[in-house]
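2 protein chains.
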Amino acid sequence: MQQENEFTKWYLKTIQDAELMDYTPVRGCITFRPDGYEIWEHIQAEMDRRFKETGHRNAYFPMLIPESFFQKEKDHIEGFSPELPWVTEAAGEPLEERLALRPTSETMIGHLYAKWVKSYRDLPLLLNQWANVFRWEKKTLPFIRTSEFLWQEGHTAHENEEEARHETMQMLAIYKEVVENILAIPVYDGTKTISERFAGAVDTFSIEAMMKDGKAVQAGTSHYLGTKFAEAFDIKYLNKNNEHQYVHTTSWGTSTRLIGSVIMVHGDDKGLVLPPKIAPTQVVLMPVGPFKKHPEILEKLEEIQQDLKAKGIRVKLDDTDQTAGFKFNKWEQKGAALRVELGPRDYQNGQAIVKARDEEEKKTVNLTELFTIIEEELEVMQGRLLTKARQFRDANSHTTIDSLAQLQQHIEASDIPGWVLAGWCGSADCEQKVKEQTKFTTRNIPFHPPVQKETCICCEQQAQHTVWFARAY
Amino acid sequence: MQQENEFTKWYLKTIQDAELMDYTPVRGCITFRPDGYEIWEHIQAEMDRRFKETGHRNAYFPMLIPESFFQKEKDHIEGFSPELPWVTEAAGEPLEERLALRPTSETMIGHLYAKWVKSYRDLPLLLNQWANVFRWEKKTLPFIRTSEFLWQEGHTAHENEEEARHETMQMLAIYKEVVENILAIPVYDGTKTISERFAGAVDTFSIEAMMKDGKAVQAGTSHYLGTKFAEAFDIKYLNKNNEHQYVHTTSWGTSTRLIGSVIMVHGDDKGLVLPPKIAPTQVVLMPVGPFKKHPEILEKLEEIQQDLKAKGIRVKLDDTDQTAGFKFNKWEQKGAALRVELGPRDYQNGQAIVKARDEEEKKTVNLTELFTIIEEELEVMQGRLLTKARQFRDANSHTTIDSLAQLQQHIEASDIPGWVLAGWCGSADCEQKVKEQTKFTTRNIPFHPPVQKETCICCEQQAQHTVWFARAY
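Which chain is which? The protein sequence lines are A and B, in order.
Residues in the first sequence are numbered consecutively from 1, following full-length UniProt numbering.
Residues in the second sequence are numbered consecutively from 1, following full-length UniProt numbering.
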């Protein structure tokens, strides 16, 4: 448990040193400073493009949701009511009905889809929203779990179960692809158990990522909602045989907790390590040595800066008066992907020094080849971070623990207990017992488990599922 | 007044027929449907690029603002408190302090800037936020005035008044450029009178646009806040002489009311007319005549669609079974900028028909030249809409009304009273009297008035300012 605290301390220090966020006087609400927000902007751009390529469009729905809307779907209100903030007065007068700050928008969107969907011609209806949402959590952790956070929520309506399930899987696959290829975070995709389902879903699917302390983060979820919300909000369409039918709906979301995840997966003792594709600073240029006596150094760096910008590379030139050591430290904290140093001697030799944030080794590069090397290095670093994260995850994933006693022993013996792939009989009792005794919860039932398990880790009867168990954020 | 009601009816019907928005059960809150939201996405992209080019970065601040924050700047609380919705309970418990849904973020940002600004090296601090805001208005009108709306708010801090005033003007100029060149809406930039200032500003500047009913919309504002918020929130920096000084701050905003404005400026009896640069559909392709018997027609249109998409043009192919008349009507309602018709005879002749949304005339175009013509037509239409809007505005701007009696006569005699450029002595009494008697308010004191006026329209004493008066949304 000391490990966990140390890790949290490291995390909190790292995100503050890197100026990604700051605390605010509102309980559990953080502010996203420019470097933190820019990571989100890059994630948004990557996701948004893929949503649009698969036929989705953005819309915006009201943030305030009447209390009566929540009452319409009973699982939904049970799941969310403990966490809702309420507007009870406005413009000096009490409201007739309390309005919740949205924790998610199925109810409001259900109400509107009922107006918009009339016939099979209106289907599928494929919308997404980028918005702020609220869940008044007891324990908060910046980016990972905050009272207000930013996210996208997709909401779609389909003629039948098959199409809706196809959509659910398609969006989960997009999440997996973005999180792996853009954030360099390997994930397991799979099915949530009943107890971990979204409140109101028929099936919830997730992608799960391992942080450097071995804990899991649910990095994205996609829900098949069946006709539950359609029945609650009367979303019906006239099919080709002129019959009224309920639509089948889905919803899917990812949030700013991805920012927290990327830090917890790649960061090191010096600060942030960011995959180049989302790094606010991909290249930092730095004059070194007695560069003030050699104006040609700064001129050359300015020229390189212009050229890199023109190529669409996010570059900064640090020409401040601070020492080289101070600057190295600062840009390591901030997670600049590559550092290029240019001193008088390098310049004379027509060379520069290139260093990737995640490697010790420095490379001496001919200035004539600099652009090519930078582009290559950024690409190689992107892949390398994914590989390193996958190696770490696999090294901390355990597949030979087959009983609760073994699990407890393993936890006691490990600095990083990591994840455990185990059999599960399918009973909520066993799931609950594992949780109570070890704080390990079911993460998901992976679509492609590394091995299949035969017996339940708890009751040791025949397993119905092979499940990832882990402590989770 | 009948004119006004007819215009509002037309507006409400137009935005609903075009599926830009829908009402919701939450008072004064609308939902932005995909075509409405996409207009906003294009406006966002254009603004955001310019903000970044001028050194600003995006951030995100908490939506909930403690009541005590508002108390710190007295003009600010006086201005906003009548419109605030309040969160008073969360997660089943009453809050110790009420939290307002932000109407604007000067107070929260002031609190945080005080933490972030230490020395002149931290200045200027140039941030912008894209967010939802709340003003619980009595009278609402979709897009133009709603309880919740979307906007951007820039907040900057500077070493001195000169730099802060320069920033204020720079951002107003960016607003003017985007609104004129992208939304094709001509505006007057100028200074707000004291009574129309932002609550807490030293000076407020605005751009003002004329709608087709002659009323004005304040399309963007930029405020020089002096040291008012710096003093309220103790935002001080150490200057180069090692002295503690208050920063000078600015704020500036544009909102989704720009969507309403673009509709009220360009729309016609058939529906939306949208400038190509923000139209969700720039080109709609339509097979006409007995095209089902000629599969080559649809094939050709699909080929054209692919080619236009590849060129980054937003194109739709309407191959539904509806009649041509139905489709023409639908895409006119939705404001598709150009329509391309292809029937069997056209095809045989190697030709297509091209029609711009805002013109009666159709053009017959050789298919070989189609892309060139489409690109040209989109560009020409963009300029033509601005010219038409400027002609309309100038025709309804009156510069020879020099007394309250004349103004009253003019209003009674006009279907569209439009705007009146008149002298003003500078007294709040005269301003108030004009407002009470005519509902004309001061829009702004234009930087470049078409003429200078010598006497006050109300007291007929010497004028201090030449002012645009108009009824306003």
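C-beta: ideal position from N, C-alpha, C; glycine also.
Note that this is a predicted model, so its numbers are computed, not measured.
- Contact between A:V284 and A:D319 does not hold, since the beta-carbon distance rounds to 11 Å and is not under 8 Å.
- In this structure, A:T88 sits near B:E89, with a CB-CB distance shorter than 8 Å.
- Chain-order list of chain B residues neighbouring A:R33: A59, by C-beta distance under 7 Å.
- Listed along chain A is no residue with a C-beta nearer than 7 Å to that of B:W331; the closest approach is about 17 Å.
- Contact of B:G92 with chain A is assigned, a C-beta pair being separated by under 8 Å.
- In this structure, A:A18 sits near A:G271, with a CB-CB distance shorter than 8 Å.
- For B:V87, the nearest CB of chain A lies under 8 Å from its own CB, placing it at the interface with that chain.
- A distance below 8 Å separates the beta carbons of A:I185 and A:V262.
- Here the alpha carbons of A:A230 and A:G110 stand approximately 7 Å from one another.
- Residues of the stretch 104-116 of chain B with a Cβ closer than 8 Å to any Cβ of chain A, in chain order: M108, H111, L112, K115 and W116.
- Residues of chain A with a Cβ closer than 7 Å to the Cβ of B:E41 are, in chain order, N58.
- The three-state reading of DSSP puts A:I235 in coil, since its state is none of H, G, I, E or B.
- If you check each beta-carbon in the stretch 237-255 of chain B against every beta-carbon of chain A, none falls closer than 8 Å.
- Within chain B, the residues whose beta carbon sits less than 8 Å from that of A:Y37 are R57, N58, A59 and Y60, listed in sequence order.
- Put simply, the backbone Cα of B:T204 is about 6 Å away from that of B:Y224.
- Fewer than three Cβ pairs drawn from the stretch 171-190 of chain A and the stretch 428-438 of chain A lie within less than 8 Å of each other, which leaves the two stretches out of contact.
- Nearest CB-CB separation between A:W151 and chain B: not below the 8 Å threshold.
- Per the Cβ contact rule, the stretch 152-169 of chain A is in contact with the stretch 115-129 of chain A (3 or more Cβ pairs under 8 Å).
- Between A:T442 and A:V420, the C-beta gap is not smaller than 8 Å, which leaves the two residues out of contact.
- Under the three-state reduction of DSSP, B:A428 is assigned to helix.
- Bridge partners of B:A324 according to DSSP: none are assigned.
- Between the alpha carbons of A:M21 and A:K9 lies a gap of roughly 15 Å.
- Close partners of B:E148 in chain A (Cβ separation under 8 Å): P62, M63 and L64.
- Chain-ordered, the chain B residues with CB closer than 8 Å to the CB of A:W136 read A90 and A91.
- The three-state secondary structure of A:L64, taken from DSSP, is strand.
- Of all residues in the stretch 441-454 of chain A, none is placed with a Cβ closer than 7 Å to any Cβ belonging to chain B.
- Secondary structure note for A:L99: its beta strand (DSSP E) is the uninterrupted segment E93 to L101.
- Secondary structure note for A:D75: its alpha helix (DSSP H) is the uninterrupted segment K74 to F80.
- Contact between the stretch 277-296 of chain B and the stretch 336-353 of chain B is present: three or more C-beta pairs spanning the two stretches fall below 8 Å.
- A distance of 8 Å or more separates the beta carbons of A:V26 and B:L101.
- Short of 7 Å from the beta carbon of A:E180, and not among the five residues preceding or following it, lie these beta carbons of its own chain, in chain order: P186, V187 and L386.
- Counting other Cβ atoms within 10 Å of its Cβ, B:H244 stays below 16 and is therefore classed as exposed.
- In the structure shown, A:L127 adopts extended strand secondary structure according to DSSP, grouped into three states.
- In the three-state reduction of the DSSP assignment, A:M21 falls in the strand class, which pools E and B.
- Residues G423, W424, C425, K453, E454, T455 and C456 of the same chain have their beta carbon placed closer than 7 Å to that of B:A463, with the five preceding and five following residues left out of the count.
- The residue among B:M171, B:K228 and B:D234 with its C-alpha nearest the C-alpha of B:S206 is B:M171.
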